[in-house]
Structure formats: C-alpha cells, structure tokens
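Here is the structure we will look at.
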Amino acid sequence: MVSLERLSIIKSHLLGNFSFGYDPSLDEYRKKGKSFNLETLRYYYYEIGFPHYQEFNAALRSCPSITERGFSIETKDDKRNLLMQQLEEFTKKVNITREHYLENPIHNFILAKSGLNFDMSFFVKAGVHLALYLDSILNLGTEKHHHLVDRGCKFKDIGCFGLTELGRGSNVSLCGTTAHYIHKTREFIINTPDSLSAKWWIGGAAQTSNKSVIFAQLFIGKTNYGLHGFVVDLRDKVTCKPLPGVIVGDCGGKAENDAIDNGFIIFKNYKVPYDALLDKVSQINNEGKFVSLINKKEKRFGKMMSCLLLGRSACLMSSEANLKNALTIAIRWAAIRKQFGPNPEREVPILDYLLTRTRLIPHLANLFAITAACEIAFTRYKDMKKIMEIDFERIEVTEYHAILSSVKVLTTESAFEGIHQCRKICGGLGYSKFVKLGEYLTKHDINLTWEGDNNILLQQTAGFIIKQSLKALKGDTIQAASLKCLNLNFELSRSDRPSKDLLSINSLISILEHIFNLLLHKALLTLQQNSAKFEAYFDVWNTSQPTLQKLGRIYGVVEIAKHWRRRFELLKQKDLEAFYLVEKLYCLYIIEKILGYQGELLCEGYFSGTEVKKMEEEHERLCNELGESAVRIIDAVANEDFMHASCLGYSDGQAYKRLTDTVEAQADCYKESSSLNVIKRLITP
Numbered sequence: 001m002v003s004l005e006r007l008s009i010i011k012s013h014l015l016g017n018f019s020f021g022y023d024p025s026l027d028e029y030r031k032k033g034k035s036f037n038l039e040t041l042r043y044y045y046y047e048i049g050f051p052h053y054q055e056f057n058a059a060l061r062s063c064p065s066i067t068e069r070g071f072s073i074e075t076k077d078d079k080r081n082l083l084m085q086q087l088e089e090f091t092k093k094v095n096i097t098r099e100h101y102l103e104n105p106i107h108n109f110i111l112a113k114s115g116l117n118f119d120m121s122f123f124v125k126a127g128v129h130l131a132l133y134l135d136s137i138l139n140l141g142t143e144k145h146h147h148l149v150d151r152g153c154k155f156k157d158i159g160c161f162g163l164t165e166l167g168r169g170s171n172v173s174l175c176g177t178t179a180h181y182i183h184k185t186r187e188f189i190i191n192t193p194d195s196l197s198a199k200w201w202i203g204g205a206a207q208t209s210n211k212s213v214i215f216a217q218l219f220i221g222k223t224n225y226g227l228h229g230f231v232v233d234l235r236d237k238v239t240c241k242p243l244p245g246v247i248v249g250d251c252g253g254k255a256e257n258d259a260i261d262n263g264f265i266i267f268k269n270y271k272v273p274y275d276a277l278l279d280k281v282s283q284i285n286n287e288g289k290f291v292s293l294i295n296k297k298e299k300r301f302g303k304m305m306s307c308l309l310l311g312r313s314a315c316l317m318s319s320e321a322n323l324k325n326a327l328t329i330a331i332r333w334a335a336i337r338k339q340f341g342p343n344p345e346r347e348v349p350i351l352d353y354l355l356t357r358t359r360l361i362p363h364l365a366n367l368f369a370i371t372a373a374c375e376i377a378f379t380r381y382k383d384m385k386k387i388m389e390i391d392f393e394r395i396e397v398t399e400y401h402a403i404l405s406s407v408k409v410l411t412t413e414s415a416f417e418g419i420h421q422c423r424k425i426c427g428g429l430g431y432s433k434f435v436k437l438g439e440y441l442t443k444h445d446i447n448l449t450w451e452g453d454n455n456i457l458l459q460q461t462a463g464f465i466i467k468q469s470l471k472a473l474k475g476d477t478i479q480a481a482s483l484k485c486l487n488l489n490f491e492l493s494r495s496d497r498p499s500k501d502l503l504s505i506n507s508l509i510s511i512l513e514h515i516f517n518l519l520l521h522k523a524l525l526t527l528q529q530n531s532a533k534f535e536a537y538f539d540v541w542n543t544s545q546p547t548l549q550k551l552g553r554i555y556g557v558v559e560i561a562k563h564w565r566r567r568f569e570l571l572k573q574k575d576l577e578a579f580y581l582v583e584k585l586y587c588l589y590i591i592e593k594i595l596g597y598q599g600e601l602l603c604e605g606y607f608s609g610t611e612v613k614k615m616e617e618e619h620e621r622l623c624n625e626l627g628e629s630a631v632r633i634i635d636a637v638a639n640e641d642f643m644h645a646s647c648l649g650y651s652d653g654q655a656y657k658r659l660t661d662t663v664e665a666q667a668d669c670y671k672e673s674s675s676l677n678v679i680k681r682l683i684t685p
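When you line the sequence shown up against UniProt numbering, it's residues 1 to 685, in that order.
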C-alpha cells in the first residue's frame with residue numbers, strides 16, 4: 001500500500017492533477033472599449049528616455065538569473081546570493097560612466113526605473129551604490145575624488161551611504177558620529193561616541209560594501225563645524241573583512257527586502273586621511289584652519305543634503321514600477337476571473353462590474369499621474385544640479401525641493417493604496433506568494449518613510465509655500481513658477497464659484513487652484529491664531545500641522561496636473577484616439593482629487609450638493625468607460641512578463657494553468673506534515 005501511495009505522488013508530480021484548455025478570456029476582453037493605437041500610447045508613456053528603456057530591458061532580458069528566477073528562494077542568504085548573481089550579470093551588460101551623471105542624468109534615471117520594474121530589492125542594492133554613494137562623491141567631492149566615481153561606475157568598489165543613525169532618522173543634522181581633525185598628521189579620527197550614534201539601516205553595509213560615504217560632525221579642536229561627508233574604506237579589498245576600527249553587523253530580518261543587507265557601522269578611533277573629506281564646500285588649510293564657501297553651519301548642512309534628491313526621485317520611480325506591476329496583475333486577473341452573472345449559466349468577468357471598475361480604474365489614472373511626477377523629477381534635475389553648483393539657495397532649487405517633497409508623498413501613498421486595492425481585487429488568491437501582490441505591497445511600504453518621512457516632507461513643502469506667501473503679502477514679486485496661481489486677495493477668493501462648464505479641463509484645474517488657495521488661507525489664519533496662543537514658534541508650527549499637511553499635499557497635486565496636461569496636449573497632433581483616452585484618465589485623476597476635498601468646498605460654499613453630484617456621476621462614468629479599455633491600456637504600459645513574474649498577470653491569460661503548475665512544482669506540494677505524529681495523537685480515537 002505504501003509503495004502505491006508513493007507511485008501516486010510521483011505520478012502527480014510528473015503529470016499534474018489539474019487540466020485546463022486554452023482560456024480565451026483575456027483575448028476577449030482586449031476586443032472591448034474604444035479603439036486606440038497601443039504603440040502610440042506606449043511611446044507616450046515611456047517617451048522620456050525611450051531608447052534607454054529599450055537598452056536596459058534588453059540587458060535584463062539577457063540575464064538568465066533574472067528571467068529564470070522561481071519561487072523556491074526562501075532564506076535571507078539565498079535571496080542575497082541570487083541578488084548578487086543578478087547584479088553581476090546585469091552590470092556586465094550595461095555601460096555606466098561619470099559622464100552620464102554629469103551630462104545625461106536621464107540615462108541613470110531610466111537605469112534605475114528599469115531595475116525597479118524588475119525588482120525593488122535589485123534596484124535598491126544597485127541604487128544605494130549608484131545614486132547615493134556615487135552621487136554624494138560627485139556633489140560634495142572635488143576632482144581628486146573622481147577616480148572613486150570611475151571605479152564605482154565599474155563596480156570595482158561597492159559603496160554605501162552612512163547618514164542615518166540608531167537615534168536619528170529625520171533630524172540628521174544632529175548625527176552623533178564625529179570626525180576629529182589631527183593637523184600634525186593631516187588625518188581625521190572617526191568615532192561613534194555612543195550607542196545611539198551607530199550608523200543604522202545602512203543598505204549594503206552588513207556584508208557587501210567595501211566603501212561608504214559617512215556623515216560625521218567635523219571637529220577642529222573643540223569647535224564643531226557641522227555635518228560633513230567623508231568617503232572611507234570599510235573592508236579589506238582582498239579578504240572583504242572589516243578593517244581595524246570598523247565594526248559592522250547585520251540589522252536583521254525585515255518585513256521584506258531581505259535581499260538587501262542593511263547593517264550598522266560603529267567606528268572606534270578609525271583614522272582616515274585628509275582626502276577622505278569630501279571638500280567641495282569646506283576645506284582645512286595648511287595652517288589647520290577651517291575655510292568654507294558657505295559660512296553658516298545650517299546652510300552648509302543644506303548643501304550636504306542635496307545628495308538626497310536622487311533618493312527621493314527613486315521613491316517616485318519605485319511607486320510607478322510597483323503600482324504598474326500590481327495593476328498589470330489585477331486588471332488581467334479581473335478580466336479572466338468570472339463570478340456570478342445574469343443567470344447561473346453565464347458568469348461574467350469581475351472587471352465587468354462597476355464596483356470593480358470604481359475600485360481599480362482610479363488607480364490606473366494615478367499610475368499616469370505618478371509617471372508625470374517622475375518626469376518632473378527627470379526633466380528638471382540636470383538644470384537644478386547646475387544651479388546648485390552656483391547657489392543652492394536659489395528660488396528654483398528650493399522650489400524643486402518643495403515640489404519633489406510633495407510629489408514623493410503623493411506618489412508613494414497613492415501607490416501603496418493602489419497595490420493594496422489590487423491585492424483585494426484578487427481575493428484570496430491575491431495573498432499567494434506566487435501572485436506577488438503581497439510582496440509588492442510590503443516592499444513598497446518602506447517608501448513612505450525612507451528618503452524623507454512623508455509627514456516631515458510635507459512640513460518642508462508647507463514651509464516653502466508659507467515663506468513665499470508671506471513675502472508676497474509684504475509686496476515682493478512671486479518668483480516661484482509653481483506659485484503663480486497664488487491669490488492673496490482672501491475676500492475675492494471666497495466669492496469665487498466654479499465655472500458653469502464644471503467638468504471642462506480648464507474648470508477642473510481652476511477648482512484645484514481654488515482648493516490650494518483655500519487651504520493656504522486656512523493655513524495662514526491658523527498660524528496667526530496659534531501665534532497669539534504660543535510664544536515659541538516651535539509650538540505655533542507644531543499645532544498648525546493638520547492644516548499645513550493638507551496644504552503641502554494639494555501643492556503637489558496642482559504641479560502634477562499642470563505637467564501632465566502639458567505632456568498629453570502634445571498627443572493631439574499625433575493621435576486623437578490616444579489623446580482622448582489619456583484626457584479621460586487625466587480628468588478622472590483630477591475629479592478623484594477634488595472629491596477628496598468636497599467637505600472643505602461645501603463648508604466654504606464654493607460647491608453646492610449639485611456640483612458634488614455632477615462630479616460623482618462623472619467619476620463613475622469615466623471609471624465605467626475606461627474599464628472597457630483597461631486591459632489594452634495596461635497592455636500598452638506593462639512590463640514584460642518576466643519582470644513581474646506573477647502567475648495571474650501574464651499576457652497570455654493562462655492564469656489558472658500557470659498558478660496550478662507553479663503550486664504543483666513546489667517540492668513540498670504533496671509532502672506529508674512534519675507534525676504527523678502529533679496530528680495522529682490528536683485525531684486517533
């Protein structure tokens with residue numbers, strides 16, 4: 001009997017217990033909706049950097065460790081080993097140079113975006129090195145440091161970014177790590193003075209990186225000149241063991257992204273040469289005196305943190321990639337999955353249901369909005385870098401920082417909500433690791449708090465808006481292009497009403513701008529009222545946050561709306577069908593945002609119940625109409641199947657077969673429980 005049971009199990013492994021014919025459901029859904037050219041839409045979506053997408057996707061496609069990955073990798077070590085194999089394969093197939101950083105940053109943005117399309121852990125591993133480590137050296141170092149960038153581009157060094165500490169995540173200006181200058185030997189001695197000053201969560205530090213940019217308080221004698229960057233060795237290049245004076249360890253398992261070896265770094269009287277100092281801003285002269293291009297410590301700190309712009313941009317790209325993969329899975333599955341119907345004989349795809357469409361399609365519109373946010377970061381970055389070299393406090397730079405901070409919040413949070421909705425659309429199957437939605441959700445979660453905690457970033461954006469508004473109230477000309485919609489005539493603004501052509505694009509944008517001014521007026525009034533209650537500005541700012549956070553958000557929404565409109569208007573001359581499609585997605589995005597502020601608009605009297613009803617009806621109509629075309633829209637923008645590798649999301653639509661094949665292929669599919677003896681004791685009479 002035992003032999004027969006074993007034969008049955010072997011037969012199940014070889015032949016499988018599930019059988020399916022070809023499922024045409026996805027093909028049938030592709031026939032729905034209004035006609036449009038998929039290639040036109042795809043080119044529109046990827047237009048900025050399109051040749052680079054082709055280059056990097058081809059490189060990813062040619063790496064067996066990337067295209068042939070399975071679901072059997074379980075342990076932390078296995079995940080890390082696979083990731084290093086993937087990086088080794090991929091980096092041999094792409095060309096990265098210092099010139100790309102200086103002259104063609106779009107190249108590196110698309111490199112990052114392509115890596116994120118495949119796997120967030122893959123990008124983070126490469127991105128900490130390429131974006132944070134190397135960009136810090138370029139931003140803060142001088143020509144003598146360029147050889148380190150050249151080595152890093154070829155992965156001859158692998159670097160990490162040592163900013164955050166166990167006791168300091170957001171308030172990093174007070175980092176405790178010290179670098180004391182010794183003039184006699186022209187060296188610095190780096191120390192971790194207490195446990196809270198250990199560098200913590202440093203990606204790549206635990207096992208991989210041989211170098212790091214470390215931020216430490218620069219001391220000459222007893223005088224602290226503030227936070228500065230130092231490029232230091234962590235490990236011996238031959239043995240890969242930590243150097244004397246450097247202690248590194250692993251921060252342990254995480255909710256996801258365990259392929260990244262996040263570690264801690266402790267320094268004990270670790271000596272580094274003078275040239276370790278990234279000295280574009282500050283130097284120590286031959287007399288041992290501190291000299292700097294920027295006199296104020298606070299302003300020097302601002303320059304030091306300019307290297308975070310790339311990391312913040314990466315969060316935008318991560319949001320786009322994770323949401324896009326999640327929507328690819330959920331929309332295709334919703335077209336395949338049939339439940340209920342007008343009669344028991346004919347079940348219908350769940351994507352036919354209006355409820356499914358109102359849950360999914362707004363996130364499809366959000367995906368295009370996130371892409372617009374990415375483009376804002378891409379297209380302005382090079383100019384910002386040039387301006388920062390001259391004066392990093394110029395209005396264009398502070399405005400860019402404010403915009404990037406706001407859209408980082410909007411994109412990361414909307415992507416998280418969208419991925420979660422995709423998981424729920426897929427029901428219980430969405431919880432399977434073979435579907436990967438749980439992985440996307442958990443991996444993406446970190447984007448809400450790293451590279452700037454979202455709540456802190458909104459404070460920075462609001463601070464910029466308030467500062468510029470107060471200048472305008474004093475009679476200064478508004479210089480920031482993003483604040484041209486500012487209306488400081490409060491009484492006139494309160495008397496505004498929406499256009500009769502409520503749902504036109506011009507009207508929708510006017511409503512967004514009105515919401516911005518409404519929240520700005522509320523914020524200024526709140527600050528004024530709280531100033532009368534509290535003496536300390538800290539308390540005034542703290543108690544005004546609920547209103548200021550709303551102001552910071554709507555600012556980013558307006559910027560995304562303006563940029564996206566400029567982009568899709570160009571489609572009108574190329575392909576009217578694609579133009580009208582993107583226009584509908586655009587209107588849906590704005591209406592969704594406006595409805596989020598209906599309470600404020602109703603209380604103020606700007607909206608009546610009639611306007612709200614019209615908005616809600618149009619929102620529903622757009623979701624329903626776009627739902628017909630959702631499969632083909634996602635076909636136009638989706639990554640290749642190997643990138644998401646979800647059983648439910650492949651373009652051939654054979655989701656049931658792929659899922660059951662994958663389940664049966666697992667070594668433990670038909671394995672008896674290791675607790676069999678316990679089970680028998682429990683159930684045996």
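C-beta atoms are modelled at their ideal positions from N, C-alpha and C, and glycine is treated no differently.
Other residues of its chain near residue i: CB distance less than 6 Å, five sequence neighbours each side excluded
i: residue 5; result: Residue confidence for residue 5 is low, a pLDDT of 48 falling below 50, so the modelled location carries little weight and cannot support an answer.
i: residue 662; result: 434, 647
i: residue 256; result: 442, 443
i: residue 267; result: 190, 191, 192
i: residue 319; result: 370, 411, 412, 415
i: residue 166; result: 196, 198, 200
CA-to-CA distance, residue j to residue i, given in whole angstroms
i: residue 687; j: residue 517; result: Residue 687 lies beyond the stretch modelled for the chain, which goes from 1 to 685, so this question has no answer here.
i: residue 655; j: residue 640; result: 16 Å
i: residue 29; j: residue 628; result: 8 Å
i: residue 377; j: residue 664; result: 45 Å
i: residue 459; j: residue 588; result: 28 Å
i: residue 180; j: residue 401; result: 32 Å
i: residue 162; j: residue 336; result: 47 Å
i: residue 354; j: residue 421; result: 15 Å
i: residue 519; j: residue 607; result: 15 Å
i: residue 235; j: residue 159; result: 11 Å
i: residue 521; j: residue 156; result: 54 Å
i: residue 309; j: residue 660; result: 44 Å
i: residue 76; j: residue 418; result: 28 Å
i: residue 297; j: residue 496; result: 45 Å
i: residue 168; j: residue 176; result: 9 Å
i: residue 260; j: residue 204; result: 6 Å
Proximity of residue i and residue j at Cβ, strictly below 8 Å
i: residue 586; j: residue 565; result: yes
i: residue 649; j: residue 450; result: no
i: residue 178; j: residue 215; result: no
i: residue 559; j: residue 403; result: yes
i: residue 140; j: residue 101; result: no
i: residue 361; j: residue 264; result: no
i: residue 316; j: residue 407; result: yes
i: residue 462; j: residue 523; result: yes
i: residue 278; j: residue 499; result: no
i: residue 510; j: residue 530; result: no
i: residue 468; j: residue 478; result: yes
i: residue 148; j: residue 231; result: yes
Proximal residues to residue i (C-beta, below 8 Å), its chain only, five neighbours per side dropped
i: residue 291; result: 282, 283, 284, 285
i: residue 338; result: 25, 347, 348, 349, 350
i: residue 425; result: 330, 333, 334, 350, 356, 359, 360
i: residue 35; result: 577
i: residue 50; result: 43
Beta-carbon proximity list for residue i, same chain, < 7 Å, skipping 5 on both sides
i: residue 615; result: 591, 594, 595
i: residue 673; result: 679
i: residue 118; result: 60, 66, 643
i: residue 128; result: 160, 161, 203, 204
Residue i Cβ short of 7 Å to the ligand ZN heavy atom set
i: residue 49; result: The ligand ZN is not part of this structure, which contains no ligands at all.
Touching by the beta-carbon criterion (3+ pairs, under 8 Å), the segment 552-566 and the segment 615-634: Verdict: no, contact absent.
For a minimum of 3 consecutive residues, which ranges assigned as the beta strand (DSSP E) are wholly contained in the segment 379-424? Complete beta strand (DSSP E) runs here, min 3: none at all.
Should the segment 76-92 be regarded as contacting the segment 59-68, the criterion being three or more beta carbon pairs within less than 8 Å? Contact holds: three or more Cβ-Cβ distances are below 8 Å.
Determine contact between the segment 563-581 and the segment 380-393, defined as no fewer than three beta-carbon pairs at a distance below 8 Å. Cβ pair count under 8 Å is below three, so no.
Restricting to runs no shorter than 3 residues, where is the beta strand (DSSP E) found entirely within the segment 105-135? Taking only runs of at least 3 residues, no beta strand (DSSP E) segment lies wholly in the segment 105-135.
In chain order, which continuous runs of the alpha helix (DSSP H) of length 4 or greater are located wholly inside the segment 289-317? With a minimum length of 4 residues, the continuous alpha helix (DSSP H) runs that stay inside the segment 289-317 are 297-304.
Identify every run of the alpha helix (DSSP H) within the segment 496-557, keeping only runs that are complete inside it and at least 4 residues long; order them along the chain. Contiguous alpha helix (DSSP H) elements confined to the segment 496-557 occur at 505-533, 537-543, taking only those with 4 or more residues.
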